[in-house]
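As structure tokens, the structure follows; a few thoughts come after it.
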Amino acid sequence: MPGPDQALLRRAEALATYLDDHYEEFARHTTADTADEALEHARILTRAADLVTRSPTPLSGEHSVLAARDRYMADAVTRLVDDNAEVRVIVWAHNGHLTKGTYGDGVPALGSRLRARYGDSYYALALLFGKGSFLARRSDDLHGPPRRHRVGTGIRSLEARLADAVPGNYYADLRTHGPSPEAAQWLHAPQTQRSFGSVVPRFLYRFHLAPLIPAQDYDGLAFVARSSCSRPLPAMET
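In structure tokens form, the structure reads like this:
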């Protein structure tokens with residue numbers, strides 16, 4: 001749990017350092033793949049220990065636990081991309097993480113870090129929906145199963161404007177040159193988008209909105225007129 005000395009983090013770091021220092025010995029007694037896997041798991045444990053032992057106080061910028069989480073996610077994607085130069089990587093995440101800017105209280109997003117590293121090779125695609133349902137845990141029942149939540153089209157959000165502009169499902173590439181003056185002005189104007197995550201409060205989630213500037217924060221918009229709940233994967237047998 002959070003603590004000023006981050007004791008769990010220090011133990012995890014010690015384990016990762018030990019495995020790194022004795023890598024050759026482990027590889028001789030097992031295999032290089034096994035040694036690599038053990039070291040990577042120790043590093044994952046270190047990152048997890050850092051997050052759970054940080055103060056939950058919502059500090060802004062790079063010092064918040066939310067910023068650390070997005071930094072670690074970006075590091076994970078970077079390792080996949082840099083180790084497999086010929087492979088394309090698709091990252092499925094909340095729109096707030098994918099944005100090329102910041103979210104919440106100025107938190108540098110996963111997408112902003114990938115954009116800084118890979119430039120236009122990183123394509124931020126926002127997935128939005130007009131109305132329907134989604135699965136999320138309730139904030140008053142964090143250990144319970146994900147529940148079905150409904151939402152209407154509304155009138156204030158970007159999703160409501162997209163639903164009113166064009167019926168049905170569609171995709172808009174915001175990198176396309178030559179939009180009309182009216183569209184260009186609208187795409188570069190401040191808007192709000194719904195902000196639903198894996199945990200939502202009861203009833204009030206319908207009013208959760210986050211600021212954005214579509215053409216600055218994303219490279220494309222995928223709009224689904226009606227959303228349906230995801231289907232949880234069956235529990236794995238142990």
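Numbered per UniProt numbering, the sequence shown spans residues 1 to 238.
Just so you know, even glycine gets a beta-carbon here, dropped at the ideal spot from N, CA and C.
Between the Cα of residue i and the Cα atoms of the options, which residue gives the shortest distance?
| i | options | result |
| --- | --- | --- |
| residue 41 | 24, 17, 189 | 17 |
| residue 215 | 197, 189, 195 | 189 |
| residue 100 | 218, 232, 227 | 218 |
| residue 160 | 135, 62, 115, 206 | 206 |
| residue 104 | 62, 134, 35, 86 | 62 |
| residue 187 | 162, 208, 196 | 162 |
| residue 175 | 231, 51, 25, 123 | 123 |
| residue 93 | 167, 111, 236 | 111 |
| residue 212 | 228, 130, 158, 90 | 158 |
| residue 90 | 37, 125, 156 | 125 |
| residue 131 | 28, 140, 226 | 226 |
| residue 204 | 140, 85, 185, 33 | 140 |
| residue 200 | 33, 119, 144 | 144 |
Ends of the alpha helix (DSSP H) at residue i?
| i | result |
| --- | --- |
| residue 227 | Looking at the DSSP string, residue 227 is not in any alpha helix (DSSP H); the run it does join, the beta strand (DSSP E), is 220 to 227. |
| residue 164 | 158 to 165 |
Measure the C-alpha to C-alpha separation of residue i and residue j and round it to an integer number of angstroms.
| i | j | result |
| --- | --- | --- |
| residue 220 | residue 14 | 43 Å |
| residue 31 | residue 80 | 21 Å |
| residue 202 | residue 121 | 39 Å |
| residue 127 | residue 198 | 15 Å |
| residue 64 | residue 78 | 21 Å |
| residue 47 | residue 8 | 11 Å |
| residue 233 | residue 181 | 46 Å |
| residue 149 | residue 236 | 26 Å |
| residue 134 | residue 26 | 46 Å |
| residue 142 | residue 177 | 45 Å |
| residue 114 | residue 76 | 11 Å |
| residue 6 | residue 52 | 9 Å |
| residue 183 | residue 117 | 29 Å |
| residue 68 | residue 54 | 9 Å |
| residue 146 | residue 138 | 7 Å |
| residue 167 | residue 37 | 49 Å |
| residue 164 | residue 156 | 11 Å |
| residue 29 | residue 43 | 21 Å |
| residue 84 | residue 35 | 20 Å |
| residue 33 | residue 45 | 18 Å |
| residue 119 | residue 231 | 34 Å |
Leaving aside the five residues before and after residue i along the sequence, list all residues of the same chain whose C-beta is less than 8 Å from its C-beta, in chain order.
| i | result |
| --- | --- |
| residue 11 | 49 |
| residue 39 | 16, 19, 20, 23 |
| residue 229 | 133, 134, 135, 148 |
| residue 179 | 187 |
| residue 98 | 91, 109, 110, 111, 124, 125, 126, 218 |
| residue 87 | 80, 81 |
Locate the beta strand (DSSP E) running through residue i, then write down its first and last residues.
| i | result |
| --- | --- |
| residue 209 | 209 to 212 |
| residue 185 | It is not in any beta strand (DSSP E) - residue 185 instead sits in the alpha helix (DSSP H) that spans 181 to 187. |
| residue 93 | From DSSP, residue 93 is part of no beta strand (DSSP E); its letter is neither H nor E. |
| residue 194 | 191 to 194 |
| residue 172 | 170 to 173 |
Take residue i and list the residues in its own chain whose beta-carbon comes closer than 7 Å to its own, dropping the five residues that flank it on each side.
| i | result |
| --- | --- |
| residue 172 | 220, 221 |
| residue 210 | 96, 103, 192, 193, 195 |
| residue 239 | What the structure shows of the chain is the stretch from 1 to 238, and residue 239 is not part of that stretch, so it cannot be assessed. |
| residue 71 | 113 |
| residue 66 | 104, 107 |
Keeping to the same chain, check which residues put their C-beta closer than 6 Å to that of residue i; ignore five residues upstream and five downstream.
| i | result |
| --- | --- |
| residue 223 | 128, 162, 170 |
| residue 73 | 110 |
| residue 208 | 195 |
| residue 152 | 131 |
Whole runs of the alpha helix (DSSP H) within the stretch 16 to 66, excluding any shorter than 4 residues: If one requires a minimum length of 4 residues, the alpha helix (DSSP H) runs lying completely within the stretch 16 to 66 are 23 to 29, 32 to 53, in chain order.
Runs of alpha helix (DSSP H) lying entirely within the stretch 103 to 151, each at least 4 residues, in chain order: If only uninterrupted alpha helix (DSSP H) runs of at least 4 residues are considered, those enclosed by the stretch 103 to 151 are 110 to 118.
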